[in-house]
Structure formats: structure tokens, C-alpha cells
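Here the numbering used here is used: the first residue of the sequence shown is 466, the next is one more, and so on.
Glycine residues also receive a C-beta, built at the ideal position from the N, C-alpha and C atoms.
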Amino acid sequence: MKIANEISGEIALLEQLICLADDSLRHDGDRRKAASFMSKASEILFRQAKNADCIDRKRMLATHAANLLDTAIKLGDFDGPVKPHEHAVDVFGQQRQTRSAQITFDDIAGLVEVKQTLMQRLVFPLRYPEKIKKYRISTGGGMLLFGPSGTGKTLLARAIAGETGLPFFVIKSSEILSMYYGQSEKQLADLFAEAKRQPQGAVVFLDEIDAIGAKRSDGMNEASRRLINQLLQELDGVEGKNEKMIFIAATNEPWLLDEALLRPPRFVETCFVPLPDESARLELFQLALSGCPVAKDVLPEELIRQSDGFSGADIVNLCERAKLIPFCESISTHVERAVNMADFRCVMSKTRPSVNHSQLTRYINWINHQCKGD
Ligand code: ADP
């Protein structure tokens with residue numbers, strides 16, 4: 466009886482953590498907080514998996530725990546108080562290599578043109594150095610990815626590391642600012658220096674570049690001014706001099722960036738990462754549901770239609786929440802059923818796309834503005 470109460474208490478806590486993760490994402494846009502809630506939820510599941518009495522149940526719980534943990538890591542890319550790898554020892558006694566799992570372009574739905582540009586500009590020069598020399602193609606310089614949140618910019622940067630086999634360095638601008646205010650430029654320089662020291666080269670990903678690369682203005686404080694100057698200096702250091710150092714930056718708000726950053730040769734290419742089109746949305750559902758039992762009544766056309774305007778992250782999140790319905794049921798009833806259309810309809814009815822029309826219009830205006838060069 467005591468154990469049954471404990472288990473039902475844990476399930477309630479689990480559901481609460483998932484709701485909190487969802488709220489953090491939807492209302493506050495706080496991915497790290499959401500990641501932390503998801504990580505805690507996965508901890509509970511790992512514990513339940515360890516204590517489960519039958520092997521199938523153990524496997525099922527461990528798989529869900531691992532999926533939640535993966536989502537948490539992708540969401541937060543965090544090193545916060547809950548260290549994912551500390552409880553990522555699976556119930557069969559093996560260490561999960563979640564952090565080192567390599568992503569390639571095959572793991573990314575849609576974005577065909579962006580992937581092609583990244584492949585040609587960043588991956589091929591490393592794969593075919595002789596041909597690059599033969600055609601005297603200039604290499605180096607950074608790549609700026611911009612677009613709505615959750616469209617796969619971070620994933621693309623990770624995939625470059627996966628495709629080239631280079632180590633991946635993430636610099637979160639907001640963290641540099643908040644943690645080391647006053648000596649941020651030293652932190653930035655140190656991070657670049659560490660990446661440059663890698664003998665085989667490195668992929669450096671600067672997320673939220675607008676946080677440190679915002680337009681210089683008269684009222685700007687001295688520390689922010691020093692930081693942006695440092696960033697410009699680092700980017701100039703990447704250009705052409707270190708063939709195996711790949712620099713990628715991302716922003717959701719390119720219009721905030723200082724003009725000097727946008728001028729060549731700092732970024733050889735600026736790529737818009739859009740919301741997924743119909744075929745990309747289908748791929749996203751397939752990726753997010755792969756390996757999970759899906760009922761025959763699930764209608765892909767309806768999912769695609771209803772998810773118009775959703776980002777990739779919205780779709781992955783939607784699938785996670787739909788999967789949780791049969792999963793939570795199965796914990797209390799011990800009956801495992803496939804995720805069905807009613808689960809999706811239930812979740813869809815409470816879900817709105819995280820990107821709105823006026824935000825999208827802003828990207829189009831900014832692109833037009835850049836094309837005109839005014
Ligand atoms: P961004 O950096 O643009 O805010 P992310 O790359 O962090 O977005 O994406 C967040 C999550 O959304 C990813 O971890 C992944 O689960 C999902 N996602 C977004 N876009 C895609 C895509 N095109 N293909 C596969 N998964 C995607």
C-alpha cells in the first residue's frame with residue numbers, strides 16, 4: 466500500500482514537472498528552466514525503471530526516461546545544478562553517451578537549402594581541401610543563422626560538428642553577460658582561445674549573438690562596447706587564418722545586430738532558418754515518433770494541417786506531450802497502448818504556435834531591407 470502511494474505520488478509529481486516544463490517553454494520561453502524540469506522528471510522515471518519488477522516495464526520506463534533526458538539536454542544544453550549524465554546510467558547498468566551522441570544532417574527535418582549552403586561552405590572545404598586549393602576558393606569566415614526560436618539553428622550547428630567530426634564549443638552570449646559582467650570580454654577571448662587550441666580544429670557556436678553584438682549606441686556602457694569590439698576582433702581572427710576553425714552564430718533577432726558584424730568578411734553567409742513547411746513537418750512528426758508505438762488511426766495529413774505555423778521545437782514538444790498520455794496511463798493501469806489521434810487532438814487543442822504572424826513579417830522585412838542594402 467505504501468509503495469502504491471509512493472508510486473502514485475511520483476506520477477503526480479512527474480505530471481507536474483512536465484506541466485512546469487511546458488509552462489516554462491510556452492509562457493516564459495525559458496528553455497533552461499524547462500530542461501531542468503524535464504531532467505528531474507527523467508530522474509523519477511529512471512528510478513521507477515530501476516525498481517520495476519518486470520523487464521518489459523523496466524525497458525519501457527527507461528526508454529521514456531532516456532527520451533525525456535535527451536529532450537532536456539537538447540533544450541537546455543545545460544550544465545546547471547542537475548547534471549544529466551549523473552543520473553543517465555541506465556537500468557541495465559550501461560552509461561548512456563547522451564552528450565557525445567553525434568547529430569548529422571539526417572537528423573534534421575527539412576531546411577534543405579540551409580543544409581546545402583552549410584555543406585558547401587563549411588563541410589566540403591574540410592572534406593576536399595585539394596579541390597578547394599585547385600579552384601582557389603576562399604575559406605574561413607563565419608556563418609550567421611537567423612530565424613524564429615525553435616527552428617533548428619542550434620541543431621544545424623551541432624550537425625556541422627557531427628558532419629566534420631570536430632569538437633563542438635557552445636558560447637551562450639547571455640551567460641557570458643550575466644555571469645561575468647565587467648570581465649565578459651576576457652571570458653569571450655578565453656573561450657575562443659580554447660577552441661583555437663584544439664589541434665584538429667573546432668566548431669564554435671555563438672548562440673544569441675544579439676546579446677553581445679547589439680548595435681553600438683551613444684548611451685551604451687563601456688563594458689558592452691568593449692565586449693562587442695572583442696567579438697569583432699575574434700571574428701576577424703577566424704577569417705581565413707584557421708582553416709579548421711568553423712564559426713557559427715545564431716540569433717532570433719538579427720535586426721538588433723551591430724552593422725559592423727554584418728559586413729563581410731565577418732560572416733561569409735547569412736542564412737534564414739524558416740518555420741518547417743509541410744514536408745518538413747511530416748518529417749518532424751516521423752522523427753519525433755520514431756520507435757514509439759503509433760496507432761493506425763493517426764492521420765498524418767491532419768497533423769500536418771493542424772501544425773501549420775509551428776516551429777520544429779513546437780512539433781517535438783507536441784509529440785512528447787501526446788506520448789505522455791498513454792505513457793502515464795500505462796503506469797497506473799499497466800496496459801500499454803499506442804499513442805492515438807485522440808491524444809494528438811487533446812494536446813493540439815491546448816497548443817498554440819510559439820511564433821506569431823507579426824514576428825514572421827519582421828523577418829521578411831529585415832531580409833528585404835538587407836537585400837536592398839539600405
Ligand atoms: P533554435 O536554436 O533555432 O532555437 P533548436 O535547434 O534548439 O532551435 O531546436 C530545438 C529543438 O527543436 C531541437 O532540439 C529539436 O528537438 C527540435 N527541432 C527544431 N527544428 C528541427 C528540425 N528541423 N529537425 C529536427 N528537429 C528539430
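May I ask whether a heavy atom of ligand 1 can be found less than 7 Å away from the beta carbon of residue i?
i	result
V820	no
Throw me the rounded Cβ distance for the residue i and residue j pair, which I believe falls under 8 Å.
i	j	result
M608	E734	5 Å
L764	M806	6 Å
S639	A676	5 Å
V738	F611	7 Å
I625	V588	7 Å
D779	G575	Rounded, the Cβ-Cβ distance is 14 Å, inconsistent with contact.
P613	L752	At roughly 19 Å, the Cβ-Cβ gap does not stay under 8 Å, so P613 and L752 are not in contact.
L534	S501	About 12 Å separates the two Cβ atoms, so there is no contact after all.
C793	E508	No, C793 and E508 are not in contact; Cβ-Cβ is about 16 Å, not under 8 Å.
I713	A622	5 Å
E628	F570	6 Å
V812	R786	5 Å
I568	G617	Between G617 and I568 the Cβ distance is about 10 Å, and since that is not below 8 Å, they are no contact.
C736	T582	6 Å
DSSP on residue i, reduced to helix/strand/coil?
i	result
I597	helix
F589	helix
D672	strand
V804	strand
C519	coil
I641	helix
V738	coil
G607	strand
V820	coil
V763	coil
F712	strand
F775	coil
L485	helix
L653	helix
I636	strand
A679	strand
L576	coil
G783	Here the sequence assigns Leu to residue 783, which means Gly is not the residue at that position. Three-state DSSP puts L783 in a helix.
L722	strand
Q695	helix
Can you say whether residue i is buried or exposed, counting buried as having 16 or more other CB atoms within 10 angstroms of its CB?
i	result
A667	buried
Q698	exposed
N833	exposed
H799	exposed
I829	exposed
T816	buried
K761	exposed
N717	buried
N686	exposed
A499	buried
H822	exposed
E551	Note on E551: pLDDT 36, under 50, position unreliable in the model; the coordinate value appears next. That one is exposed.
Q513	buried
A527	buried
L749	buried
L478	exposed
R731	buried
E766	exposed
P632	exposed
T536	buried
P590	buried
S603	exposed
S776	buried
P664	exposed
V577	exposed
Q559	Its pLDDT being 34, under 50, Q559 is placed unreliably by the model, and nothing is read from it.
At a cut-off of 7 Å, would you count residue i as near ligand 2, judging by its Cβ distance to the nearest heavy atom?
i	result
I597	Ligands in the displayed structure: ligand 1; ligand 2 is not one of them.
So, does the CB of residue i fall closer than 8 Å to a CB anywhere in chain C?
i	result
L540	Judged by its chain identifiers, the structure shown contains no chain C, having just a single protein chain.
Under 5 Å, CB to nearest heavy atom of ligand 1: contacting residues: K539, I573, A574, S614, G615, T616, G617, K618, T619, L620, G777, A778, V781
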